[in-house]
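Colleague:
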Amino acid sequence: AAAMTSLLPGVSALVAAYDKRTWSEIDAAHAELTKRYGLVPLLPLMISACALLKSWKARKTLLFYLLPHARDYPALVDLALGLVDDRARMVREEALGIIAYSLEVRALAPLRRHLDHPDPETRAAVIAAIEAVERQDHNLFLDRDHAGNVQWLVRVR
Numbered sequence: 056a057a058a059m060t061s062l063l064p065g066v067s068a069l070v071a072a073y074d075k076r077t078w079s080e081i082d083a084a085h086a087e088l089t090k091r092y093g094l095v096p097l098l099p100l101m102i103s104a105c106a107l108l109k110s111w112k113a114r115k116t117l118l119f120y121l122l123p124h125a126r127d128y129p130a131l132v133d134l135a136l137g138l139v140d141d142r143a144r145m146v147r148e149e150a151l152g153i154i155a156y157s158l159e160v161r162a163l164a165p166l167r168r169h170l171d172h173p174d175p176e177t178r179a180a181v182i183a184a185i186e187a188v189e190r191q192d193h194n195l196f197l198d199r200d201h202a203g204n205v206q207w208l209v210r211v212r
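According to our numbering, numbering within the sequence shown proceeds without interruption in unit steps and concludes at 212.
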């Protein structure tokens, strides 16, 4: 079990910890924070911090760690919807994965506004996220040709 301290860091402390340039620095910050506080107590703060991060690598990494919780935190779906227009394609893809995994029907109308996204890969991911939500099958986000041979297992990391 992680050693928990009673006082959680503020959002600005999380932004400072995660907003690094390299993957290894970001992962080290995540490991230190979750060891100290535990992952679940940090989730609302991580959701709040994500959109404030300047580093696209930090935003993508935070979304990666948040994804398994998409069905438990409506604010995470709201964050992901806001990041569909992120300047970094990898952040957009991770955000769309969160929306697809959440299976949140309320995300459909906002998603449809992105069907004409200028990036073709993002457009394809938007379509896949819409199909996943409409059919209530998150596997369709990765199984884009509907072959039925993709099983997307999501685990807490």
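Every residue gets a Cβ at the ideal spot worked out from N, C-alpha and C, and that includes glycine.
If we ignore side chains and look at the alpha-carbon of each, how far apart do A125 and A83 end up?
Modeller: If I take the Cα positions, the gap works out to 23 Å.
Colleague: Just to confirm before moving on: does the CB-CB distance between A104 and V70 stay below 7 Å?
Modeller: Yes; because the gap between Cβ atoms is below 7 Å, this pair is in contact.
Colleague: Expressed to the nearest angstrom, what Euclidean distance is found between the alpha-carbon atoms of D171 and R210?
Modeller: Going by the C-alpha atoms only, they are around 32 Å apart.
Colleague: Does A56 come out as helix, strand or coil in the three-state DSSP assignment?
Modeller: In this prediction, A56 has a pLDDT of 48, which is less than 50 and means its spatial position is unreliable; nothing more can be read from the coordinates.
Colleague: For V160, which residues of its own chain have a beta-carbon under 7 Å away from its beta-carbon, when the five flanking residues on both sides are left out?
Modeller: Within the same chain, V160 has close Cβ partners V188.
Colleague: Anyone know if the C-beta pair for L122 and I102 falls short of 7 Å?
Modeller: Cβ atoms of L122 and I102: not closer than 7 Å.
Colleague: Might you give, ordered along the chain, the residues of its own chain that have their beta carbon closer than 6 Å to the beta carbon of L151, omitting 5 neighbours on each side?
Modeller: A180, A184, listed in sequence order.
Colleague: What residue range is occupied by the uninterrupted alpha helix (DSSP H) comprising Y92?
Modeller: Counting along the chain, the alpha helix (DSSP H) containing Y92 begins and ends at 78-92.
Colleague: Answer yes if the region 192-200 comes into contact with the region 105-120, meaning at least three C-beta pairs across the two stretches below 8 Å, and no otherwise.
Modeller: Too few Cβ pairs lie closer than 8 Å, so no.
Colleague: Classify A125 as helix, strand or coil using the three-state DSSP reduction.
Modeller: Three-state DSSP puts A125 in coil, outside helix and strand.
Colleague: Can you tell me whether P64 is helix, strand or coil according to DSSP?
Modeller: P64: coil per DSSP, three-state reduction.
Colleague: My assumption, with CB atoms under 8 Å, is that L63 sits in contact with A106. Please give the rounded CB distance.
Modeller: That belief does not hold up - the Cβ atoms of L63 and A106 are roughly 19 Å apart, past 8 Å.
Colleague: Assuming Y128 contacts L98 (C-beta within less than 8 Å), just tell me the rounded distance between them.
Modeller: With a Cβ gap of about 6 Å, Y128 and L98 count as contacting.
Colleague: Could you give the distance in angstroms between the alpha-carbon of D140 and the alpha-carbon of N204?
Modeller: Cα-Cα distance, rounded: 30 Å.
Colleague: For the alpha helix (DSSP H) holding A187, just list the boundary residues, first then last.
Modeller: Element bounds for A187: 175-190.
Colleague: With burial defined as no fewer than 16 other Cβ atoms inside 10 Å of the residue's Cβ, what is the status of E149: buried or exposed?
Modeller: By the 10 Å Cβ count, E149 comes out buried.
Colleague: Flag this pair as yes or no: are the beta carbons of V66 and L100 separated by less than 7 Å?
Modeller: In contact: V66 and L100 (Cβ atoms closer than 7 Å).
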